[in-house]
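In terms of the working numbering, the sequence shown is residues 3 to 265. For reference, the structure is listed below as structure tokens.
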Amino acid sequence: MVWLITNNLDFETAKEVNLNERCPFLEFSSFVHPVVKAEFLKENSYCPIKSKILEEVTRKEWLNLPLRRSRRIIKSHLPFSLLPLNLLDAGCKVIYIARNPKDVILSYYHLNKLFRTQGYNGDLIKYWNYFKRNLQPWTPYWDHIQEGWERRSNPNLLFLFYEDAIKDYKVTIRQVASFLGKTLTDEQVDALSEHLKIDNFKNNQSVNNHLLKELGVIRDVEHGFVRQGKTGSWKMHFNEELNEEIDEWIRENQKKTDLKFPE
Numbered sequence: 003m004v005w006l007i008t009n010n011l012d013f014e015t016a017k018e019v020n021l022n023e024r025c026p027f028l029e030f031s032s033f034v035h036p037v038v039k040a041e042f043l044k045e046n047s048y049c050p051i052k053s054k055i056l057e058e059v060t061r062k063e064w065l066n067l068p069l070r071r072s073r074r075i076i077k078s079h080l081p082f083s084l085l086p087l088n089l090l091d092a093g094c095k096v097i098y099i100a101r102n103p104k105d106v107i108l109s110y111y112h113l114n115k116l117f118r119t120q121g122y123n124g125d126l127i128k129y130w131n132y133f134k135r136n137l138q139p140w141t142p143y144w145d146h147i148q149e150g151w152e153r154r155s156n157p158n159l160l161f162l163f164y165e166d167a168i169k170d171y172k173v174t175i176r177q178v179a180s181f182l183g184k185t186l187t188d189e190q191v192d193a194l195s196e197h198l199k200i201d202n203f204k205n206n207q208s209v210n211n212h213l214l215k216e217l218g219v220i221r222d223v224e225h226g227f228v229r230q231g232k233t234g235s236w237k238m239h240f241n242e243e244l245n246e247e248i249d250e251w252i253r254e255n256q257k258k259t260d261l262k263f264p265e
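Below you can see the structure in the form of structure tokens.
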């Protein structure tokens with residue numbers, strides 16, 4: 003969405019150029035252990051082109067960013083405390099997406115199972131035990147989200163709830179466009195809203211990490227990188243005991259914040 007809004011809805015380029023090239027994932031290379039990378043390179047050694055692409059997708063993006071001359075759009079799961087301290091004061095625009103912790107737990111669980119860089123082979127219960135003890139990348143969850151919430155009044159920060167964002171794509175598109183200083187016609191909003199539908203995402207090779215699957219970085223599983231794109235999926239995966247334990251964890255942590263998630 004952000005790349006298209008800032009690039010005049012250039013759907014053709016968005017289709018041809020991989021999303022990770024247009025919007026680099028800042029810390030991805032941090033998860034590629036040298037031993038794992040060597041394994042990937044060995045598996046792809048029969049094809050020089052694949053080996054070259056593998057080197058490109060595992061490069062340290064923070065070193066490559068200064069070479070980019072056009073407006074830079076960067077993805078990151080890092081909290082503000084691990085980003086440049088002057089990020090918002092330097093003129094950068096930040097869109098922070100907060101999501102219900104139950105859906106975050108399930109989403110991260112599937113991500114860790116999907117990406118071979120993570121090396122996770124356990125079940126959901128075991129993953130939750132890592133998550134609640136802050137032994138999962140991008141945790142502690144509550145500290146992370148509070149850092150964004152405390153900065154929500156900064157004019158260079160747009161704080162969005164995932165639940166609100168997917169409820170009405172058109173409202174979200176206009177909100178993001180306004181934040182980025184862009185004006186879209188009704189027709190453009192309609193076109194972008196259609197483009198963002200989950201089924202289109204699943205079939206769009208420039209955003210569904212098809213390339214990483216070809217390289218063997220992610221596993222070839224049925225649900226793939228783009229899964230359901232909806233809220234409440236945890237209800238189909240959490241048993242009663244797990245749900246009660248997470249509810250208690252949420253109640254205890256929400257005593258420390260005035261942040262409330264959409265119903």
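Each residue gets a CB set at the ideal place from its N, CA and C atoms; glycine is no exception.
Under the DSSP assignment, PHE42 falls in the alpha helix (DSSP H) whose first and last residues are 36–45. A residue is called buried when at least 16 other Cβ atoms come within 10 angstroms of its Cβ; PHE82 meets this threshold and is buried. Annotation for ILE97: the continuous beta strand (DSSP E) segment containing it runs 96–100.
Residue pairing by DSSP places PHE117 opposite ILE220 in a beta bridge.
When the alpha-carbon of PHE263 is set against those of ILE168, PHE181 and TYR164, the nearest one is in TYR164.
For LEU160, no alpha helix (DSSP H) run applies; the uninterrupted beta strand (DSSP E) run containing it begins and ends at 159–163, by DSSP.
The residue among ILE147, ASP145, TYR110 and TRP151 with its C-alpha nearest the C-alpha of ASN131 is TYR110. Its Cα nearest to that of ASP91, the residue ASN156 stands out among ASN245, GLU57, ASN156 and LYS237. For GLY150, the uninterrupted alpha helix (DSSP H) segment begins and ends at 143–151. DSSP, reduced to helix, strand and coil, places LYS77 within a strand of the structure shown. According to the DSSP secondary-structure assignment, PHE240 is paired through a beta bridge with no residue. For LEU126 against HIS239, the beta-carbon gap comes to about 6 Å, under 8 Å, which counts as contact.
The alpha-carbon of GLY121 is positioned some 14 Å away from that of SER32. Secondary structure of PHE27 (DSSP, three-state): strand. Apart from the 5 residues on each side of it in sequence, ILE252 sits with its Cβ closer than 7 Å to the Cβ of PRO103 in its chain, given in chain order. For ALA193, the enclosing alpha helix (DSSP H) starts and ends at 188–197. The residues ALA16, LEU21, ARG24, CYS25 and ILE75, in chain order, have a CB closer than 8 Å to that of TRP5 in the same chain once the five nearest residues on each side in sequence are set aside.
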